[in-house]
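Visitor: Numbering-wise (this note's numbering), the sequence shown opens with residue 297 and increments by one.
Note that the Cβ used here is the ideal one computed from N, Cα and C, for glycine as well.
Note that this is a predicted model, so its numbers are computed, not measured.
Before I ask anything, here is the structure I am working with.
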Amino acid sequence: MSRQYSRRSVLGRTAVVGAGLVLAAVPTVGLAQMLVYDPSNYAQNVLQAARALEQINNQVTGLQNQARMLLNQARNLASLPYSSQQTIQQSFQRTRQLLDQVQRISFDLDQIDRTFTRIYPQTYSGTTSSQQLASDAKERWQTSHAAFQDSLLVQAGVVQSLDTTRGETDTLVAASQAAVGALQVAQAGNQLIALLIRQLADLTAVLAAQARADSLSGARSSASQEQARAQLDRFLTTGQAYQAQPVRMFNP
């Protein structure tokens with residue numbers, strides 16, 4: 297009887313100790329699980345992830361802005377696809393050729409000095425022959441006639457270039473309005489200024505040619521007055537300035 301009681305007592309104590317160990321282990325596992333899923337820690341992790349995502353978004357935005365800036369710089373550095381330089385140079389050359397082709401007295405300083413002194417003398421000596429006087433008068437008339445012709449040719453050349461000027465102006469204005477960057481706008485403006493300078497050069501050529509004709513006409517008038525004075529002096533001193541010639545009024 298006493299042995300059975302002792303055995304039951306030992307088994308009971310063993311069960312109590314085992315149950316105590318189990319109960320002691322259960323709170324420990326629950327505490328560990330609560331530390332892993334701590335709401336404050338989770339919220340902090342979410343906040344850090346949000347900040348990291350915001351930084352990434354800012355970096356992406358910065359890269360987009362840099363790419364946009366590079367594209368704008370590329371547009372600003374793009375050259376104008378059209379150039380009127382060759383057309384303007386050709387117009388300059390045509391006008392210059394017209395001025396270089398003037399007859400008799402050209403726009404050359406040395407040639408003007410030599411020819412002008414010979415054709416338009418300041419005075420005629422008393423020994424100058426009538427034949428020389430008549431020859432000089434004819435040459436002066438021919439020179440003035442050619443000068444007015446040259447002036448008309450230059451004017452005609454400038455008028456013919458008006459259509460080209462209008463076409464170039466329209467093209468450059470359209471290119472300026474369709475420009476994608478600052479460089480294209482500047483280049484279109486520079487070419488328009490060059491076109492304006494070319495028009496001023498044409499106007500200068502016209503004025504020069506007309507002034508040349510007027511100057512030669514005035515020099516011709518002055519030389520004719522000197523010639524008339526020389527002929528009058530000869531007539532008054534020698535009486536040989538005019539010689540009567542028989543004139544037949546009607547044919548028999």
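What did DSSP end up calling V312 once you bin it into helix, strand or coil?
Guide: In this predicted model, V312 has a pLDDT of only 49, less than 50, meaning its place in the structure is not dependable; the value taken from the coordinates is given anyway. If DSSP states are grouped into helix, strand and coil, V312 belongs with the helices.
Visitor: Contact check, A497 vs P417 under 8 angstroms by CB: the rounded distance?
Guide: The pair is not a contact, with the Cβ atoms about 35 angstroms apart (cut-off 8 angstroms).
Visitor: Which residue from T461, E464, A430 puts its Cα closest to that of A524?
Guide: Comparing Cα-Cα distances from A524 to each of T461, E464, A430, the minimum goes to A430.
Visitor: Using a Cβ-Cβ cutoff of less than 8 angstroms, which residues in the same chain neighbour V398 once the five nearest sequence positions on both sides are dropped?
Guide: Residues of the same chain with a CB within less than 8 angstroms of the CB of V398, apart from the 5 flanking positions on each side, are A442, A443, D446, A505, R508 in chain order.
Visitor: If you measure between the beta carbons of L366 and A501, is that distance less than 8 angstroms?
Guide: Contact flag unset, no.
Visitor: Looking only at its chain, what residues have a beta carbon closer than 8 angstroms to the beta carbon of L376, apart from the 5 residues adjacent to it on each side?
Guide: Answer for L376: A471, A475, L479, Q480, Q483, A484, Q487, listed in chain order.
Visitor: Pop quiz: G477 and R371 are said to be a contact at Cβ under 8 angstroms. What is the actual Cβ separation, rounded to whole angstroms?
Guide: 4 angstroms
Visitor: Taking the beta carbon of A321 as the centre, do at least 16 other beta carbons fall within 10 Å, making it buried, or is it exposed?
Guide: Any reading at A321 is ruled out, since the residue's pLDDT is 48, under 50, leaving its predicted position unreliable.
Visitor: From the DSSP output, in three-state form, read off F403 for me.
Guide: coil
Visitor: With contact counted as at least three CB pairs below 8 angstroms, one residue from each stretch, are the stretch 418–426 and the stretch 349–362 in contact?
Guide: Result no; under three Cβ-Cβ pairs closer than 8 angstroms.
Visitor: For G358, does the three-state DSSP call read helix, strand or coil?
Guide: helix
Visitor: Tell me whether A320 sits in a helix, a strand or coil according to DSSP, three-state version.
Guide: Confidence in A320 is poor, its pLDDT being 49 and thus under 50, which makes the residue's placement unreliable; the coordinate value appears in the next sentence. A320: helix per DSSP, three-state reduction.
Visitor: S426 lies in the alpha helix (DSSP H); which residues open and close that run?
Guide: 426–456
Visitor: Are the Cβ atoms of I415 and D404 separated by less than 8 angstroms?
Guide: No, the Cβ-Cβ distance between I415 and D404 is not below 8 angstroms.
Visitor: On the three-state DSSP scale, how would you describe A419?
Guide: Looking at the sequence itself, residue 419 is Thr, so the reference to Ala does not match. Coil at T419, not helix or strand.
Visitor: Check for me: the alpha helix (DSSP H) holding L376 runs from which residue to which?
Guide: L376 -> no alpha helix (DSSP H), and no H or E assigned at all.
Visitor: Given this structure, state the Cα-to-Cα distance separating S380 from S511, to the nearest angstrom.
Guide: 36 angstroms
Visitor: Less than 8 angstroms between the CB atoms is what I'm expecting for I401 and T439, so what's the real figure, rounded?
Guide: 6 angstroms
Visitor: Using a Cβ-Cβ cutoff of less than 8 angstroms, which residues in the same chain neighbour E522 once the five nearest sequence positions on both sides are dropped?
Guide: P417, Q418, T419, Y420
Visitor: So which of S513, N368, Q495, A374 has the shortest CA-CA distance to W437?
Guide: S513
Visitor: Taking the alpha carbon of V469 as the reference point, which residue from L458, L491, R390 has its own alpha carbon closest?
Guide: L491
Visitor: What separation, rounded to the nearest whole angstrom, lies between the Cα atoms of R530 and L449?
Guide: 41 angstroms
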